[in-house]
């Protein structure tokens with residue numbers, strides 16, 4: 001029997017449609033595509049907990065072998081219905097004891113659900129590529145990062161960061177911008193593996209982020225030349241079609257951690273192989 005996986009879209013409808021216009025897919029559709037690629041035997045459903053009247057499975061969460069939460073443009077410290085419903089959803093996933101994963105917003109929501117806090121990062125925004133992510137002592141031997149070198153880069157886009165750790169939270173990766181770049185959280189009988197970066201993003205997604213954040217990148221001084229930004233976006237899209245183009249990757253400081261899909265997807269693959277499949281097999285044996 002194949003895996004049954006659930007992706008929770010972190011965005012409200014207006015934002016996910018804006019992402020679709022730039023990349024051809026919503027964040028949850030992109031995440032579902034990655035899960036199907038890494039687990040071809042999986043059936044992947046999508047749920048929208050930020051939407052009023054969302055199709056949240058409720059007690060049916062236990063029927064899934066793994067649940068993942070995408071990134072989001074929301075801020076968890078600005079509580080509204082779209083945020084609070086996702087915090088409650090995360091608590092329900094913990095209580096269901098289903099293997100749980102999240103990128104960026106997913107890590108933040110899981111942290112708050114387990115009793116920690118999140119803030120706007122006083123060091124500013126991290127966008128495009130998170131540089132020099134470093135495994136902590138706990139992270140070096142952690143299955144979440146199997147196959148990763150001790151220091152690596154990863155796709156990212158976030159302004160917020162974990163401020164206060166939840167009880168039972170272990171930080172597994174960090175960098176100069178965010179103290180918590182990856183972590184494990186145990187809460188209410190459940191276990192979450194999550195990252196502040198976006199391993200699920202390919203180069204098309206990163207180009208979409210740069211395009212979407214164009215006014216911010218220019219306004220906040222990341223770049224002062226819109227033509228240079230246009231060239232960066234175009235190069236990322238070209239590299240997406242042909243990742244072997246060293247002549248494009250090298251000038252922008254992109255290495256195999258970004259251009260090689262197998263390298264980039266390490267944490268999600270590890271979650272499926274080391275958390276989802278073993279727990280699913282144990283459930284079958286115990287049935």
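Numbering (the UniProt record's numbering), first residue to last: 1 to 287. Beta carbons are placed, not taken as given, at the ideal position from N, Cα and C, and that holds for glycine.
Runs of the alpha helix (DSSP H) spanning 4 or more residues and lying entirely within the UniProt domain "Glutamine amidotransferase" (52 to 204) occur at 81 to 96, 105 to 113 and 137 to 140, in chain order.
Counting only residues of its own chain and dropping the five nearest sequence neighbours on each side, residue 257 has a CB closer than 6 Å to the CB of 152, 153 and 263. Under the rule that a run must span 3 or more residues, no beta strand (DSSP E) segment is found entirely inside the region 191 to 272. Excluding the 5 residues flanking it on each side, residue 102 has same chain C-beta neighbours closer than 6 Å at 69, 110 and 194, in chain order. Burial is judged here by how many other beta carbons sit within 10 angstroms of a residue's own beta carbon; residue 7 has at least 16 and is buried. When the beta-carbon positions are compared, residue 27 and residue 71 come within less than 9 Å of each other.
Annotated three-state conformation of residue 18 is helix, per DSSP.
At least 9 Å separates the beta-carbon of residue 31 from that of residue 184. Residue 6 is bridged by DSSP to 45 and 67. Taken atom to atom, the span from the alpha-carbon of residue 129 to that of residue 216 is near 16 Å. Note on geometry: alpha-carbon atoms of residue 176 and residue 126 lie some 10 Å from one another. Here DSSP, grouped into helix, strand and coil, assigns residue 12 to coil. With contacts defined by Cβ atoms closer than 9 Å, residue 235 and residue 248 form a contacting pair.
Annotation for residue 64: 4, 6 and 98 place their beta carbon closer than 6 Å to its own, counting only its chain and skipping 5 residues before and after. Sequence-distant Cβ neighbours of residue 212 in its own chain, meaning closer than 8 Å and more than five residues away, are 18, 19 and 22.
Of the residues assessed, residue 160 falls on the buried side of the cut-off, its CB having 16 or more other CB atoms within 10 angstroms. Looking at the backbone, the Cα of residue 16 and that of residue 25 are separated by about 8 Å. The criterion of a C-beta distance shorter than 9 Å is satisfied by residue 158 and residue 104. The C-beta distance from residue 76 to residue 112 rounds to 5 Å, short enough to fall under 8 Å. Per the coordinates, the alpha-carbon of residue 207 lies some 9 Å from the alpha-carbon of residue 240.
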